[in-house]
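Residue numbers (this note's numbering): -12 to 282. No residue lacks a Cβ here, since even glycine has one placed at the ideal position from N, Cα and C.
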Ligand SMILES: C[S@@+](CC[C@H](N)C(=O)[O-])C[C@H]1O[C@@H](n2cnc3c(N)ncnc32)[C@H](O)[C@@H]1O
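See below:
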């Protein structure tokens, strides 16, 4: 969140002429998000190009990226010398998560991104083109991805919409009025899209690969349950500082149909870079009230 002075300075730094300053101030005064006005957002030191109508990258997403990097780095050093982790950014929006992952994991990291919204896809192509990523459009969730990726994905980041339908009207106007509904509305309890990702993820993950989604603390246990039902072990990890919970679902280290030697019943999760964690290999307890007891 910028102060008005910071906002003014950002506009003055971005605009090249007085006319451009005016062309930015007017929509900003009318309520357009600052990042859509200036055409970019900063994320983990990257300048992410952004168009009006495309979901604005949130700073709290840095926590998910950190978790994904920790997982990918662990896999690379474990057994995969010579090739980078295969990364998918599903529901990619501006492509911010994929771009940040390649920046952290190094050039040459194979990146595949997809989104149902053509405006998001256009924006994401600009942001991931420079790092060799590909953005697929034209369908629901995994549908546009090349079938050859099945069983090969090491890190699947899926920042799906997770606002419960009834709560969309309560969002700040910048989100409600200037970000597409498809980027916000997660259905009755906010988890409709997440459940569909959880049900399909295992078929795309490499043995030992993981899928990461962001949820609210309140939704986290139900999200973990969806992953367990999808055949994955699930771990919740929370950043107090960024006020965010990430659910990490991990595929068995053995190829589908085989049991990993000495496979533990409970998930032996890779060390989280920060935050508190809690793992599930069986369905978590039901959640009630506003405070989840499962973190
Ligand atoms: C919350 S935004 C996240 C965008 C980006 N990953 C980020 O972190 O800034 C959710 C994105 O999911 C996309 N989306 C929603 N439903 C989808 C679906 N069924 N298939 C593919 N993309 C979808 C939206 O278009 C939107 O760009």
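In chain order, what residues of the same chain lie with their CB nearer than 7 Å to the CB of residue 25, ignoring the 5 residues before and after it? Closer than 7 Å at Cβ, skipping near neighbours: -3, -2, 1, 11.
What three-state label does DSSP hand residue 192 in the structure shown? strand
Could you check what DSSP says for residue 68 in three-state terms: helix, strand or coil? Confidence at residue 68 is low in this model, with a pLDDT of 49, below 50, so its placement is unreliable and the value that follows should be read with caution. Three-state DSSP puts residue 68 in coil, outside helix and strand.
With C-beta atoms as the reference, is residue 33 less than 8 Å away from residue 86? yes
Run the CB neighbour count on residue 164, radius 10 Å, all protein chains shown included, and call it buried at 16 or more, exposed below. Classification for residue 164: exposed.
Around the C-beta of residue 6, are 16 or more other C-beta atoms found within 10 angstroms, so that it is buried, or is it exposed? exposed
Beta-carbon separation (whole angstroms), residue 195 vs residue 238, contact threshold 8 Å: 6 Å
How would you write the range of the beta strand (DSSP E) that residue 30 sits in, first residue to last? 27 to 30
Considering only the beta carbon of each residue, do residue 141 and residue 200 sit closer than 8 Å? no
Judging by CA-CA distance, which residue of 154, 139, 198, 241 is the nearest neighbour of residue 233? 198
Could you give the distance in angstroms between the alpha-carbon of residue 283 and the alpha-carbon of residue 132? This structure cannot speak to residue 283, because the chain is shown only from -12 to 282.
In whole angstroms, what is the alpha-carbon distance linking residue 173 and residue 110? 22 Å
Quick test of your reading: residue 49 and residue 62, contact by CB under 8 Å. State the CB separation rounded to the nearest angstrom. Not confirmed; about 21 Å, so no contact.
To the nearest angstrom, how far is it from the Cα of residue 177 to the Cα of residue 4? 43 Å
Start and end of the beta strand (DSSP E) containing residue 141? 140 to 145
Give me the Cα-Cα distance between residue 250 and residue 235, rounded to the nearest whole angstrom. Because residue 250 carries a pLDDT of 38, less than 50, the predicted location of this residue cannot be relied on, and the following value inherits that uncertainty. Each residue's alpha carbon lies about 18 Å from the other.
In whole angstroms, what separates the C-alpha of residue 37 from that of residue 22? 7 Å
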